[in-house]
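Q: First the structure, which I've put down as structure tokens, then a few questions once you've had a look.
Chains as they are written, first to last, in the numbering used here: chain Z, 1 to 644; chain U, 1001 to 1350.
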């Protein structure tokens, strides 16, 4: 029980004192039990006021401090630091909010506001009376990071972490690295190809001894928490020995009788069960897709490197942090959206990019030469009726860049952009300009008046009421309609479910705070990067990858983690394991242990966030929240309603 | 429903130098244009139609003729798309479209064709002179007959059908309904605009230019009358002789100034010169000058010994009357006036 409490009531210039009679508040609490010192101050946060508080605490040997001022979001940490400077444990400082909750909210009622302020300060004093000195929970951490996804973001983060001195496990689900970027040729602005970018990153990754790359690998289990994740990785074999001659491989692919749609080309072509996406792809070893392989054995006869004896491996890896860079899926329009899947010459932008890749002199689609190309923007993004309310950000730039590429590569191409406002932000604006100067035609409408696709007499038409032509109805006879599809969250969210990473409104992984904590998740130790977090272009993915790498590294660097002590605790004698707390906990912070012959719940300190969800469900009242115990709360209620 | 035709700008570019692709629809041209109002966004609508290749809409429109090329839009355009010159190009293109013979389009698009036509006609005149053994009297006699014949022929077979064609395209085919009385009531507008180009006064950049143009038109029309009907080259009337001198002097002095501006490119209107613009001002200049000198030669009695002077005058005249008047820039005199007239008719019909 603290007996020497100092209370400071802040004017906040006039923000508080214009509506709350601060002197009256001071007088009202002056005589309260344990209050040794009560002062008003013009600005509690000012340097001089802070110095005064430090002096008061040290000279008067105060054992508890209250500052009644603004929201704790603004200055809780400021005054906790004041306490620490004066040698007082920072949990013996308690903050009272009489600005946002009182003066600003009740500017119409000064008398009432003052009364409310008195009650709030009294309740805070009641809490500080019971406050105890707390020390942070220390946890040892493993100096290793698991990076999930070896696309551009994952590889960049892996390089950065390895350079900083961490052990890195780079885990890629596919058999080849590079993710989406490897599927693209010329990239916007730099005019490098996706393959060149991937090659550079891959070579750099391989240079680092401390990076271990797994391909065909997935995390299937996770135990542990920040500092000490224990993850189980399933590694699917490629069924290839390390050396494989090019000629033999060619033959093996030739003889393979299985043909499946090639996801790498967005299903516009077919591939065999033995495959690599393109020559000189990394790792430079083909793979057999066992889901589709019939084990006919024909390939074995022509290629010595094939080895069907390889089996799935399971590895357990210990890491201190997990960095998710699992990327996105392109939006797949449902059958019939702008004629997709119904009209032959309606394809998506990713497909179109692959079509350009495979056509050298003339642009041919379905055997016919393409001259007029209509691009329909915002397909699967900024939906009026649908879940994808967001802008996919990359598509305007990418489409315009692709349109220019097509125009320069083939003769006589005409591009028609059916857009809803062009968003080639930042440096990409120059492409918009170039495309326009090359004669591309832009037609615009609002979301409630989208373009209409019609197919009549063997010809496809795109119609629009064009905003830029005074809403005149216009139509284009298009040889090819390209649906500019946006980015969507990965359909397979197994890793997100496994780690309990929350998703935002748009179903991408969610950060804690989009501006202030943009790469951390509420799951301690799990950071996010790249398009797994939301639509991003390559530049933005790199930024977030480097930020996430730095954040992950900061968690594991010192080998020890200091965590907030304000977490739940279990009263071992009262607890009769019923599992209700475990069900209520959003972070899986409980484990079942046996102690003195009975089963009880135990809180994992590095997982618990002190949210308090478990407390009300406990039937034996065996749970308490350190720093906000039942005694604390009850004493505060008593102070707020003295006559109850 | 209008079908977009991306090839159209390539076609239109043969009629003038502009860069419609640079347009990013900012609307600055409309904001500065005095012709713009709430219903009609001048000149942006025509620019957009041109970019989209909406030929039918452009043909049906009178807008290009309502513009007198003050050039404000081109000066203001942040992308240097030169909307003023685009409007000028549309006028050339429309002239080609109205012309039932198709020769206008050929001459506008092909400099070679134009020069060939000039050379052929010059050759024919010289051949005719040689045929008459370069005797002044018969040559002058037939020269005068030619003038009268040319006026009748060009008007009856080229200009009149083309005006009717223009009326058909802009009024009838595009579905604009107008009563006879409206056509009658608006007649005044036709006369006023034909002889005064009143609307150009709306372009407040250069009133002096309007004045020059105004006296040029009057000078040209009255010289036409003086030579053809008052037979200037044969008359004895001192009044008519002096009148002719004044008229021809006005023509070559004003056109000289126009040529000077086109060389200096110091005004928006003189910045871009299509070959048809050069032909028009230079030939008009030569018409005035050769007529002046020819009459001077008569008055000082040396034309008999200098028949070549009359031959030169006749060459210029023939080229003017058979190329520039029916198929060249001269027609803007008619189309502009009739466009103003039709525009007024539509206004009257509300």
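Virtual Cβ for every residue (Gly too), placed ideally from N, Cα, C.
Can you tell me which of the three DSSP states residue 181 of chain Z falls into?
A: Helix, per DSSP.
Q: Report back the beta-carbon spacing between residue 157 of chain Z and residue 531 of chain Z to the nearest angstrom; my notes put them in contact at under 8 Å.
A: Wrong, their Cβ atoms sit about 13 Å apart, outside the cutoff.
Q: List the residues of chain Z that residue 1344 of chain U touches, going by C-beta distances under 8 Å, in chain order.
A: Correct list: empty, because the minimum Cβ distance to chain Z is about 24 Å.
Q: Whose C-beta lies closer than 6 Å to the C-beta of residue 486 of chain Z among residues of the same chain, with five residues either side of it excluded?
A: Here the set comprises 331, 380, 381, 392 and 395.
Q: Cutting at 7 Å between CB atoms, please list the residues of its own chain near residue 1062 of chain U, excluding the five before and the five after it.
A: Around residue 1062 of chain U: 1170, 1339, 1342 and 1343.
Q: Helix, strand or coil, according to DSSP, for residue 552 of chain Z in the structure here?
A: Correct three-state label for residue 552 of chain Z: helix.
Q: Taking 8 Å as the cut-off, does the region 216–234 of chain Z touch the region 125–133 of chain Z (at least 3 CB pairs, one atom from each stretch)?
A: Output reads no: the region 216–234 of chain Z does not touch the region 125–133 of chain Z.
Q: Any Cβ of chain U within less than 8 Å of the Cβ of residue 363 of chain Z?
A: It does not; no Cβ of chain U falls within 8 Å.
Q: Please confirm whether residue 1272 of chain U has its beta-carbon closer than 8 Å to some beta-carbon of chain Z.
A: Residue 1272 of chain U does not count as touching chain Z.
Q: Counting only beta-carbon atoms, is residue 1009 of chain U nearer than 8 Å to chain Z?
A: So yes, residue 1009 of chain U belongs to the interface.
Q: Pull up the DSSP beta-bridge partners for residue 323 of chain Z, would you.
A: According to DSSP, residue 323 of chain Z bridges with Z:147 and Z:527.
Q: Taking all protein chains shown into account, decide if residue 263 of chain Z is buried (16 or more other Cβ within 10 angstroms of its Cβ) or exposed.
A: So residue 263 of chain Z ends up on the exposed side.
Q: In chain order, what residues of the same chain have a beta carbon less than 6 Å from the beta carbon of residue 110 of chain Z, not counting five sequence neighbours either side?
A: Result list for residue 110 of chain Z: 19, in chain order.
Q: Please list the terminal residues of the continuous beta strand (DSSP E) segment that includes residue 1323 of chain U.
A: No beta strand (DSSP E) contains residue 1323 of chain U, which DSSP labels as neither H nor E.
Q: Work out the CA separation of residue 282 of chain Z and residue 226 of chain Z for me, nearest whole Å.
A: Spanning the two alpha carbons is a distance of roughly 32 Å.
Q: Who are the neighbours of residue 658 of chain Z on chain U, taking C-beta pairs under 8 Å?
A: The shown model of chain Z, from 1 to 644, leaves out residue 658 of chain Z, and the question about it has no answer.
Q: List, in order along the chain, the chain U residues whose C-beta lies closer than 8 Å to that of residue 475 of chain Z?
A: The answer, in chain order, is 1001, 1002, 1003 and 1004.
Q: Taking only beta-carbon positions, decide if residue 1060 of chain U is within less than 8 Å of chain Z.
A: By this cut-off, residue 1060 of chain U is not an interface position.
Q: Output the boundary residues of the beta strand (DSSP E) element that contains residue 235 of chain Z.
A: Its beta strand (DSSP E) spans residues 228–235.
Q: Can you find at least 3 beta carbon pairs, one from the region 1152–1172 of chain U and one from the region 1303–1317 of chain U, that sit closer than 8 Å?
A: Cβ pair count under 8 Å is below three, so no.
Q: Quick one: what's got a C-beta closer than 7 Å to residue 224 of chain Z's C-beta in the same chain, skipping five residues either side?
A: Counting only Cβ-Cβ distances below 7 Å, and skipping sequence neighbours, we find 230.
Q: Beta-carbon separation of residue 471 of chain Z and residue 465 of chain Z under 8 Å?
A: Yes; because the gap between Cβ atoms is below 8 Å, this pair is in contact.
Q: Could you round the C-beta distance between residue 1281 of chain U and residue 1259 of chain U to whole angstroms and report it? I think they count as a contact, below 8 Å.
A: Between residue 1259 of chain U and residue 1281 of chain U the Cβ distance is about 5 Å, and since that is below 8 Å, they are a contact.
Q: Between residue 140 of chain Z and residue 504 of chain Z, is the Cβ-Cβ spacing less than 8 Å?
A: It is not a contact, given that the beta carbons lie outside the stated cut-off.
Q: Check the Cβ-Cβ distances between residue 1022 of chain U and every residue of chain Z, and say whether any is below 8 Å.
A: Yes, residue 1022 of chain U counts as interfacial toward chain Z.
Q: Over the uninterrupted alpha helix (DSSP H) stretch that includes residue 1147 of chain U, give me the two end residues.
A: It spans 1136–1153 - the alpha helix (DSSP H) in which residue 1147 of chain U sits, taken as one unbroken run.
Q: Would you mind reading off the limits of the beta strand (DSSP E) that contains residue 415 of chain Z?
A: Counting along the chain, the beta strand (DSSP E) containing residue 415 of chain Z begins and ends at 414–419.
Q: Mind pulling the chain Z residues with CB within less than 7 Å of residue 1048 of chain U?
A: Correct list: 468 and 469.
Q: Excluding the 5 residues flanking residue 155 of chain Z on each side, which residues of the same chain have their C-beta closer than 6 Å to its C-beta?
A: So the qualifying residues of the chain are 201 and 205.
Q: Measure the alpha-carbon distance for residue 523 of chain Z versus residue 509 of chain Z and round it to whole angstroms.
A: Their Cα atoms are separated by approximately 11 Å.
Q: For a contact meaning CB atoms closer than 7 Å, what does residue 414 of chain Z contact in chain U?
A: In chain order: 1006.
Q: Are there 16 or more other CB atoms within 10 angstroms of the CB of residue 1301 of chain U, so buried, or fewer, so exposed?
A: Classification of residue 1301 of chain U: exposed, given that the 10 Å Cβ count is below 16.
Q: Does the beta-carbon of residue 1100 of chain U have 16 or more other beta-carbons within 10 angstroms, so that it is buried, or is it exposed?
A: Flag for residue 1100 of chain U reads exposed.
Q: Report the neighbours of residue 1025 of chain U on chain Z: residues whose CB is nearer than 7 Å to its CB, in chain order.
A: Ordered by position in chain Z, the residues that pass the 7 Å Cβ test against residue 1025 of chain U are 468.
Q: Sort Z:36, Z:521, Z:575 and Z:136 by Cα distance to residue 89 of chain Z and report the nearest one.
A: Ranking the options by Cα distance to residue 89 of chain Z, first place goes to Z:136.
Q: Using the Cβ count rule (16 or more neighbours within 10 Å means buried), how would you classify residue 443 of chain Z?
A: Per the 10 Å Cβ criterion, buried.
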